[in-house]
Amino acid sequence: MKLKTVIKLGSVALASTFILAACGSSNSSGKKTANIRESAELATMDQSKVTDVVGFTQLGNTEEGLYRIGKNNKIENAIATNTKVSDGGKTYTFTLRKGVKWSNGDEVTAKDFVYGWQRTVNPKTASQYAYIYSGIKNADKIASGKADYKTLGIKADGKYKLTVNLERPISYFKLLMGFPVFFPQNENAVNKYGSKYGTSASTTVYNGPYRMKGWTGSNLSWELVKNNTYWDKKNVKMDSLNWKVVKDAGTALNMYNSKKLDQTVLSSEQVKQYKSNKDYKKFLNASTFYIEFNQKKDKYFKNAKIREALSLAINRDQFVNKVLGDGSVAATGLTSAGLAKDAKTGKDFAKQVDVKSASEYNLKKAKTLMAEGLKEEGLKSIDFQLMSDDTTGAKQTTEFLQSAWEKIPNVKVSLSNIPFKNRLANSTAGKFDTVVTAWGADFSDPISFLQLFTSDNSQNNGKWSSKEYDNLINAANTTDASNTEKRWDDMVKAEQILLKDQGIAPLYQQGQSMLRRSNIKGIVYNSAGLNFDYKQMDVK
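Going by my numbering, the first residue of the sequence shown is number 89, and it counts up by one from there.
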């Protein structure tokens, strides 16, 4: 997902429009509340249209699907009470929980899953996540316009039985079912609100632990309150979570220290000061930040030498240690370290890929390659813009890259730091030269990263393309899907192609250092998918 995308960027926050209780505690009325910082705007609450970590965090805590993903990626029943797998792993039959309600009073039934899935893959919806349905019967045909969206391999057998037919076994299928893109959708609500569905708290309905209040679609604060129609409300301990977008790290830290925030992500300088604090927490996400080059808009970015030169000019170790300093590590490729291991050898996928040229620092070679690339393109110089978010960290990142790139003769870089929501929109529309973006794994498998860069993937904003890469990813998803060793080899070879051609320039794997009140317990963290699940959160 984008940090996010991408990016998958940003974590959490409080609401100045709400009356703030003592942080991380019960207020005078005995209700449990907490104030959480988010560093970027909320773009949408529409499950079919969300792409970024901010939206997925909110949806993952206000909506619910067949499963919830517990600690260490443990599959836990949610709306599903029983699952039967048959036909060699190609048919899943789910028995659904009775009496599950939407916040508008409607019952959640099998038809809500059918409707939600069909809506997402319907080309008219233009979901950027439709590709993740690949492998479900007819999903690829629907995407290519060769089948109607209603032929997707999902069927409601009455109100409480759901059958899903796959074209091939998908090893990570159950993990997908805990991801918000596969959650049910209420057809009555979508029809009622039309194009406004999911654009504000009042035009969204909820079936999860919390429901949202106070989000108008553009404001920077909102509240999640305990959902009294939730089937498992007895295990939801918090009465409310107040969120506020605070982009400046210094402002956020001051708010934490004055007890107006209970959780905030720290900048590099703040980490140095607070890493011995009892409230300090550190996480390494399955999220990779990288640079995309817009090969459609700027033809000279089709030249691999120019792309490689810009990558070689980046001292990633210096960047993560001196600029970020938040626990992030230099990325050696696209797929994050620690996400998956070879079943045969136990070797980490990211280490097995190992394309040194994709992430090394060599300014001398960068200058040589740029000169050669410019000559091949008939150019004397290039002048382009680097786009990213308008947060403190994003500004520091773009300034570092600008300085690094302008050490190469005949390269001029201007910066555009804009709100996260706008950056996402511009990236999708191809309105950029280069962009710092990121992807957080939606599930613990390398394909979550690798399928982004097939030629027809809607998330491939830079339009890098390789037929051989496409064929390898297709094989991993189809002919080799049931052969663990061959599938793994396909994915390794594919990423090596991407990196050797410098289709992207990897930057870093995101680490998160934060302060969280020590009396807050029960938040479930996973490096992939929904990073922070607040259902079981409590204040002791």
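Don't be surprised by glycine CBs; every beta carbon is placed ideally from N, CA and C.
Here the structure is a predicted model, which is why all the values come from computation and not from measurement.
| query | result |
| --- | --- |
| Local Cβ density within 10 Å of residue 405, reported as buried at 16 or more and exposed below that | exposed |
| Sequence-distant residues of its chain with Cβ nearer than 7 Å to residue 293 (five each side left out) | 190, 191, 192, 274, 277 |
| Residue 623 beta carbon near the ligand FMN (any heavy atom closer than 7 Å) | In the structure on display, the ligand FMN does not appear, and there are no ligands present to speak of. |
| Beta strand (DSSP E) runs wholly inside the region 280-357, at least 3 long, in chain order | 298-301, 309-314, 328-333, 351-353 |
| Within 8 Å, strictly: CB atoms of residue 629 and residue 209 | Shown here, the chain extends from 89 to 628; a query on residue 629 therefore has no answer. |
| Sub-8 Å separation of residue 182 and residue 250 beta-carbons | yes |
| Helix, strand or coil at residue 605 according to DSSP, with G and I counted as helix | coil |
| Other residues of its chain near residue 478: CB distance less than 7 Å, five sequence neighbours each side excluded | 335, 505, 506, 507 |
| Limits of the unbroken alpha helix (DSSP H) element including residue 483 | 480-493 |
| Residue environment, residue 215, which counts as buried when at least 16 other CB atoms sit within 10 Å | buried |
| Boundaries of the beta strand (DSSP E) in which residue 575 is found, first to last residue | Per DSSP, residue 575 belongs to no beta strand (DSSP E); it is in the alpha helix (DSSP H), 572-588. |
| Beta-carbon contacts of residue 626 that lie in its chain and below 8 Å, excluding the five residues immediately before and after | 120, 325, 326, 608, 609, 610 |
| Residue environment, residue 464, which counts as buried when at least 16 other CB atoms sit within 10 Å | exposed |
| Proximity winner among 124, 169, 236, 397, relative to residue 498 (alpha-carbon distances) | 397 |
| Separation of residue 357 from residue 468, as counted between CA atoms | 40 Å |
| Of the residues 270, 235, 236, the one placed nearest residue 252, counting alpha carbons only | 270 |
| Beta-carbon proximity list for residue 392, same chain, < 7 Å, skipping 5 on both sides | 589, 590 |
| Exposure label - residue 361; buried when at least 16 CB within 10 Å | exposed |
| Beta-carbon proximity check, residue 428 vs residue 594, cutoff 8 Å | no |
| Sequence-distant residues of the same chain with beta carbon closer than 8 Å to residue 256, five excluded per side | 178, 223, 565, 566, 569, 570 |
| Of the residues 303, 432, 376, the one placed nearest residue 408, counting alpha carbons only | 376 |
| Any 3 or more C-beta pairs closer than 8 Å across the region 133-153 and the region 258-269 | yes |
| Residue 95 in three-state terms, based on DSSP | Confidence at residue 95 is low in this model, with a pLDDT of 34, below 50, so the placement of that residue should be treated as unreliable; the coordinate-derived value is given next. Correct three-state label for residue 95: coil. |
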